[in-house]
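Residue numbers (mature numbering (1 follows the signal peptide of the UniProt record, and there is no 0)): -18 to -1, 1 to 307. Using N, Cα and C, we set each Cβ at its ideal position, and we do this for glycine too. All values derive from a computational prediction rather than experimental measurement. Below: the structure, in structure tokens.
Right under this line is the structure:
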């Protein structure tokens, strides 16, 4: 395995990131849904250093905003696990509603928003009290969830209804809906909060919605070399800290796309492992770590060179990536 060094400097302010006292991100935590484990990767060496047993079918994974805990969606256990990032020890189990898949730590660090696929709802969990704060009914089979940078909106995708619900966080009510292409699985706000990008997996596209109007203003299509259209299944999306580049996991196309945010034009593609689900942009913005669900490994992608520089073994079915210490 090729090792790599990171320039641990400016951080991308996403919920999957936490920093230690000197501002450094030192580890990646990867949920493996088929083996019910979390792989811990040391970022300085590029090596997997631990494998934790966790609840059944872990998918969503993130850090608390203060970086103290790793949060894991144990989807088949209908729970969110709170774990010690140093040891993997289970600290607490949070009530989450049925079948939590993705979640989002609120910007103020007080709540965790979990999409409940079986309930057709989103649950807001009070992280301090470790209890449900409120719950809102949304469309069928919700998965992607994200809070706007200004804290005004919570967006939740509905895979079955092909829509995104806009929840007013002041009133905890759905006040709008945006129709999408088939099976929206992930939603991500641009760093400036002016747009939201929606990955429509079966539609094979990413749709860009204007936050002010709640309307789709652009549809991005993909054509990675050697991949038929039916294998292009967008899922995870992350933006570089400067907001200029989006990295999109393309599922069965076994590639990620680098997209110019301003124009919506695809800059290029990088062949990674099989069936990339989600990813994280590493500190400094020069690399991405991609979870490949069908090849049971991670790809380290140099974004400037647009190539894989390392492949790291993971558990069975790596799905989500969180960065912390």
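task: Could you check what DSSP says for residue 65 in three-state terms: helix, strand or coil?
output: Mapped onto the chain shown, residue 65 falls at position 83. Residue 65: strand per DSSP, three-state reduction.
message: Going by DSSP in three states, residue 212 sits in which element: helix, strand or coil?
response: Counted from its first residue, the chain shown places residue 212 at position 230. DSSP places residue 212 in the helix class (H, G or I) of the three-state scheme.
- request: Could you tell me whether the Cβ of residue 245 comes closer than 9 Å to any Cβ of chain C?
  value: In summary, chain C is missing from the structure at hand, where a single protein chain is found.
field: Residue range of the unbroken beta strand (DSSP E) whose run includes residue 171
entry: As a position in the chain shown, residue 171 is number 189, starting the count at 1. Segment 166 to 171, the beta strand (DSSP E) holding residue 171.
field: Spatial neighbours of residue 262 in its chain, beta-carbon cut-off 6 Å, leaving aside the 5 residues before and after
entry: On the chain shown, residue 262 is found 280 positions in, with the first residue counted as 1. -3, 271, 303, 305, listed in sequence order.
- prompt: In terms of residue numbering, what span does the beta strand (DSSP E) encompassing residue 95 cover?
  reply: Residue 95 sits at position 113 when you count from the first residue of the chain shown. 93 to 98 is the span of the beta strand (DSSP E), which, as asked, contains residue 95.
task: Can you give me the Cβ contacts of residue 211 inside the same chain, cut-off strictly under 7 Å, excluding the 5 residues immediately before and after it?
output: As a working note, residue 211 is residue 229 in the chain shown. Excluding positions up to five away in sequence, the list reads 186.
message: Can you tell me whether residue 57 is helix, strand or coil according to DSSP?
response: Taking the first residue of the chain shown as position 1, residue 57 is located at position 75. Three-state DSSP puts residue 57 in a helix.
query: How would you call residue 197, buried or exposed, if buried means at least 16 neighbouring beta carbons within 10 angstroms?
result: Here residue 197 refers to the residue found at position 215 of the chain shown. Residue 197 comes out exposed.
Touching by the beta-carbon criterion (3+ pairs, under 8 Å), the region 85 to 94 and the region 64 to 72: no
message: Taking the straight line between their C-alpha atoms, what separation do you get for residue 126 and residue 217?
response: Here residue 126 refers to the residue found at position 144 of the chain shown. Here residue 217 refers to the residue found at position 235 of the chain shown. Near 9 Å, if we compare the C-alpha coordinates of residue 217 and residue 126.
field: Residue interval of the beta strand (DSSP E) (run including residue 137)
entry: Against the chain shown, residue 137 aligns to sequence position 155. Looking at the DSSP string, the run of the beta strand (DSSP E) that includes residue 137 is 135 to 140.
task: Flag this pair as yes or no: are the beta carbons of residue 167 and residue 201 separated by less than 9 Å?
output: Here residue 167 is taken as the residue at index 185 of the chain shown, counted from 1. Here residue 201 is taken as the residue at index 219 of the chain shown, counted from 1. Remark: C-beta atoms of residue 167 and residue 201 do not approach each other more closely than 9 Å.
query: For residue 79, which three-state DSSP category applies?
result: Within the chain shown, numbered from 1, the residue matching residue 79 stands at position 97. In the structure shown, residue 79 adopts coil according to DSSP, grouped into three states.
- prompt: Per the contact definition of three or more C-beta pairs closer than 8 Å, is the region 75 to 82 in contact with the region 16 to 24?
  reply: no
message: Please report the straight-line C-alpha distance between residue 290 and residue 251, rounded to a whole angstrom.
response: Counting from one through the chain shown, the residue named residue 290 turns up at place 308. Counting from one through the chain shown, the residue named residue 251 turns up at place 269. Going from the Cα of residue 290 to the Cα of residue 251 covers about 11 Å.
field: Given residue 205 as reference, the closest of 60, 48, 57, 238 once Cα atoms are compared
entry: The residue you call residue 205 lines up with position 223 of the chain shown. Minimum Cα distance to residue 205 is reached at 238.
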